[in-house]
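Quick note: the sequence shown, position 157, residue 157 per full-length UniProt numbering, numbers continuous.
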Amino acid sequence: MGTNKFEIGDRVAVLDDAISGVVVQVKNDQISIQTDDDFMMTFFVNELIKENNTNDLDYFSKSDASHKIKIDTTPTRAQKNFTFKSDKRDKGAPEFDLHIEKLVKNFRGMSNFDILTIQLETAQRHVEFALKNRIPKIVLIHGVGEGILKTELEFLLRKYPQVTFQEASYQKYGMGATEIYFQQNSK
(Lines of atoms letter the chains of each structure in order from A and count residues from 1; the text may use other names and numbers.)
(Lines give C-alpha, C1' and ligand atoms only; values in the text may rest on other atoms or scores of the structure.)
Protein backbone atom coordinates (compact mmCIF):
# COMPACT_ATOMS: atom_id res chain seq x y z
CA MET A 1 0.00 0.00 0.00
CA GLY A 2 3.00 2.30 0.21
CA THR A 3 3.07 2.94 -3.52
CA ASN A 4 1.93 6.22 -5.06
CA LYS A 5 0.89 4.54 -8.30
CA PHE A 6 -2.77 5.22 -8.92
CA GLU A 7 -4.88 3.28 -11.35
CA ILE A 8 -8.38 3.89 -12.67
CA GLY A 9 -10.87 2.43 -10.22
CA ASP A 10 -8.71 2.95 -7.09
CA ARG A 11 -10.49 4.39 -4.02
CA VAL A 12 -8.60 7.48 -2.87
CA ALA A 13 -8.88 10.20 -0.26
CA VAL A 14 -7.57 13.76 -0.33
CA LEU A 15 -4.92 14.29 2.34
CA ASP A 16 -5.90 17.72 3.65
CA ASP A 17 -9.64 17.59 3.01
CA ALA A 18 -12.66 15.41 3.72
CA ILE A 19 -12.99 14.32 0.10
CA SER A 20 -12.81 10.78 -1.20
CA GLY A 21 -13.76 9.06 -4.41
CA VAL A 22 -12.70 6.82 -7.28
CA VAL A 23 -9.90 7.49 -9.78
CA VAL A 24 -11.31 8.03 -13.28
CA GLN A 25 -8.25 9.45 -15.08
CA VAL A 26 -4.48 9.38 -14.58
CA LYS A 27 -2.49 11.99 -16.50
CA ASN A 28 1.22 12.41 -15.61
CA ASP A 29 1.19 13.67 -11.99
CA GLN A 30 -2.47 14.70 -11.99
CA ILE A 31 -5.28 12.39 -10.95
CA SER A 32 -8.95 13.04 -11.74
CA ILE A 33 -11.42 11.52 -9.34
CA GLN A 34 -15.18 11.26 -9.14
CA THR A 35 -16.04 12.13 -5.56
CA ASP A 36 -18.60 10.32 -3.46
CA ASP A 37 -20.83 13.36 -4.07
CA ASP A 38 -20.51 12.87 -7.88
CA PHE A 39 -18.18 15.81 -8.53
CA MET A 40 -15.23 15.55 -10.90
CA MET A 41 -12.06 16.93 -9.30
CA THR A 42 -8.37 16.88 -10.25
CA PHE A 43 -5.51 16.62 -7.76
CA PHE A 44 -1.75 16.17 -7.85
CA VAL A 45 -0.41 12.73 -6.92
CA ASN A 46 1.09 14.06 -3.67
CA GLU A 47 -2.35 15.31 -2.52
CA LEU A 48 -3.97 11.85 -2.62
CA ILE A 49 -3.66 8.60 -0.75
CA LYS A 50 -5.13 5.23 -1.57
CA GLU A 51 -7.77 4.09 0.85
CA ASN A 52 -7.12 0.73 2.44
CA ASN A 53 -8.89 -2.16 0.84
CA THR A 54 -8.87 -5.32 2.97
CA ASN A 55 -8.52 -7.46 -0.17
CA ASP A 56 -5.45 -5.43 -1.15
CA LEU A 57 -3.13 -5.94 1.81
CA ASP A 58 0.30 -6.61 0.28
CA TYR A 59 2.02 -7.18 3.59
CA PHE A 60 -0.27 -10.00 4.67
CA SER A 61 -0.52 -13.26 2.83
CA LYS A 62 -2.33 -16.34 4.03
CA SER A 63 0.71 -18.57 3.63
CA ASP A 64 2.81 -16.34 5.93
CA ALA A 65 0.22 -16.34 8.68
CA SER A 66 1.50 -18.12 11.74
CA HIS A 67 -1.90 -18.09 13.38
CA LYS A 68 -5.28 -18.56 11.85
CA ILE A 69 -7.97 -16.74 13.77
CA LYS A 70 -11.55 -17.88 13.55
CA ILE A 71 -13.96 -14.98 13.79
CA ASP A 72 -17.62 -15.59 14.53
CA THR A 73 -19.62 -13.29 12.24
CA THR A 74 -23.10 -14.42 13.27
CA PRO A 75 -24.91 -11.50 14.89
CA THR A 76 -25.76 -11.73 18.57
CA ARG A 77 -29.35 -11.53 19.74
CA ALA A 78 -28.91 -7.88 20.75
CA GLN A 79 -27.56 -7.03 17.29
CA LYS A 80 -30.46 -8.76 15.54
CA ASN A 81 -33.11 -6.83 17.48
CA PHE A 82 -31.52 -3.39 17.13
CA THR A 83 -33.77 -0.81 15.52
CA PHE A 84 -32.79 2.78 14.84
CA LYS A 85 -35.02 5.33 16.51
CA SER A 86 -34.69 8.83 15.13
CA ASP A 87 -35.56 12.06 16.82
CA LYS A 88 -38.90 13.46 15.67
CA ARG A 89 -37.18 16.74 14.77
CA ASP A 90 -35.03 14.91 12.21
CA LYS A 91 -38.07 13.90 10.20
CA GLY A 92 -38.62 16.16 7.23
CA ALA A 93 -39.46 19.66 8.33
CA PRO A 94 -41.85 21.55 6.07
CA GLU A 95 -39.92 23.59 3.49
CA PHE A 96 -41.23 26.78 1.94
CA ASP A 97 -39.56 28.30 -1.11
CA LEU A 98 -39.74 32.11 -1.07
CA HIS A 99 -38.40 32.63 -4.60
CA ILE A 100 -40.86 34.95 -6.29
CA GLU A 101 -41.38 32.65 -9.28
CA LYS A 102 -42.71 30.03 -6.83
CA LEU A 103 -45.17 32.48 -5.25
CA VAL A 104 -46.84 34.27 -8.17
CA LYS A 105 -47.61 33.30 -11.74
CA ASN A 106 -46.21 36.46 -13.33
CA PHE A 107 -43.89 38.83 -11.54
CA ARG A 108 -42.85 40.88 -14.58
CA GLY A 109 -43.40 44.57 -14.01
CA MET A 110 -43.28 44.21 -10.23
CA SER A 111 -40.86 46.45 -8.35
CA ASN A 112 -38.25 44.98 -6.03
CA PHE A 113 -40.22 46.41 -3.12
CA ASP A 114 -43.40 44.61 -4.26
CA ILE A 115 -41.51 41.33 -4.65
CA LEU A 116 -39.89 41.63 -1.21
CA THR A 117 -43.26 42.49 0.37
CA ILE A 118 -44.89 39.37 -1.09
CA GLN A 119 -41.97 37.19 0.05
CA LEU A 120 -42.05 38.60 3.61
CA GLU A 121 -45.85 38.31 3.89
CA THR A 122 -45.61 34.68 2.76
CA ALA A 123 -42.87 33.97 5.30
CA GLN A 124 -44.90 35.63 8.06
CA ARG A 125 -47.97 33.50 7.19
CA HIS A 126 -45.88 30.30 7.39
CA VAL A 127 -44.33 31.31 10.73
CA GLU A 128 -47.70 32.19 12.27
CA PHE A 129 -49.27 28.98 10.92
CA ALA A 130 -46.44 26.92 12.46
CA LEU A 131 -46.87 28.69 15.81
CA LYS A 132 -50.64 28.22 15.78
CA ASN A 133 -50.42 24.54 14.82
CA ARG A 134 -47.52 23.69 17.15
CA ILE A 135 -45.15 22.71 14.34
CA PRO A 136 -41.67 22.39 15.91
CA LYS A 137 -39.56 23.40 12.90
CA ILE A 138 -39.84 24.79 9.37
CA VAL A 139 -37.33 25.74 6.69
CA LEU A 140 -37.61 28.90 4.61
CA ILE A 141 -35.68 28.80 1.35
CA HIS A 142 -34.69 32.35 0.44
CA GLY A 143 -31.71 31.86 -1.88
CA VAL A 144 -28.38 33.64 -1.69
CA GLY A 145 -28.72 36.72 -3.89
CA GLU A 146 -27.66 40.00 -2.33
CA GLY A 147 -28.88 38.94 1.12
CA ILE A 148 -31.71 41.48 1.39
CA LEU A 149 -34.48 38.89 1.85
CA LYS A 150 -32.38 36.97 4.40
CA THR A 151 -31.74 40.16 6.39
CA GLU A 152 -35.42 41.10 6.33
CA LEU A 153 -36.40 37.55 7.40
CA GLU A 154 -34.03 37.77 10.38
CA PHE A 155 -35.60 41.12 11.33
CA LEU A 156 -39.08 39.58 11.06
CA LEU A 157 -38.16 36.48 13.09
CA ARG A 158 -36.66 38.54 15.93
CA LYS A 159 -40.17 39.95 16.57
CA TYR A 160 -41.30 36.52 17.80
CA PRO A 161 -39.94 35.73 21.29
CA GLN A 162 -40.75 32.00 20.99
CA VAL A 163 -38.75 31.61 17.75
CA THR A 164 -35.09 30.71 17.28
CA PHE A 165 -33.42 30.36 13.91
CA GLN A 166 -30.17 29.44 12.22
CA GLU A 167 -28.80 28.75 8.77
CA ALA A 168 -30.20 25.49 7.43
CA SER A 169 -28.03 22.53 6.40
CA TYR A 170 -25.34 23.70 4.01
CA GLN A 171 -25.19 20.24 2.41
CA LYS A 172 -28.89 20.29 1.59
CA TYR A 173 -29.61 23.98 0.87
CA GLY A 174 -26.27 25.72 0.41
CA MET A 175 -26.23 29.19 1.94
CA GLY A 176 -29.79 29.98 0.88
CA ALA A 177 -32.10 28.71 3.63
CA THR A 178 -33.00 29.40 7.26
CA GLU A 179 -34.17 26.81 9.79
CA ILE A 180 -36.76 28.11 12.25
CA TYR A 181 -37.51 26.41 15.60
CA PHE A 182 -40.64 27.13 17.62
CA GLN A 183 -40.66 26.86 21.41
CA GLN A 184 -44.11 25.59 22.33
CA ASN A 185 -46.06 26.74 25.37
CA SER A 186 -47.25 23.95 27.66
CA LYS A 187 -50.96 24.79 27.29
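Positions of the beta carbon are idealized from the N, C-alpha and C atoms, including for glycine.
Just so you know, these numbers come straight off a predicted model, no measurement behind them.
- Within the model, the alpha-carbon separation for Asp37 versus Asn46 is close to 22 angstroms.
- If you check the CB distance, Gly9 and Val23 come in under 8 angstroms.
- Cα atoms of Phe107 and Glu167: separation of roughly 27 angstroms, rounded to the nearest angstrom.
- Counting the other Cβ atoms within 10 Å of the Cβ of Ala18 gives fewer than 16, which makes it exposed.
- In the three-state reduction of the DSSP assignment, Ala123 falls in the helix class, which pools H, G and I.
- Around the beta carbon of Gly176, 16 or more other beta carbons lie within 10 angstroms, which makes this residue buried.
- One thing to note: Ile31 has its Cβ within 8 angstroms of the Cβ of Phe43.
- Counted as a single uninterrupted DSSP element, the alpha helix (DSSP H) harbouring Gln171 occupies residues Tyr170 to Tyr173.
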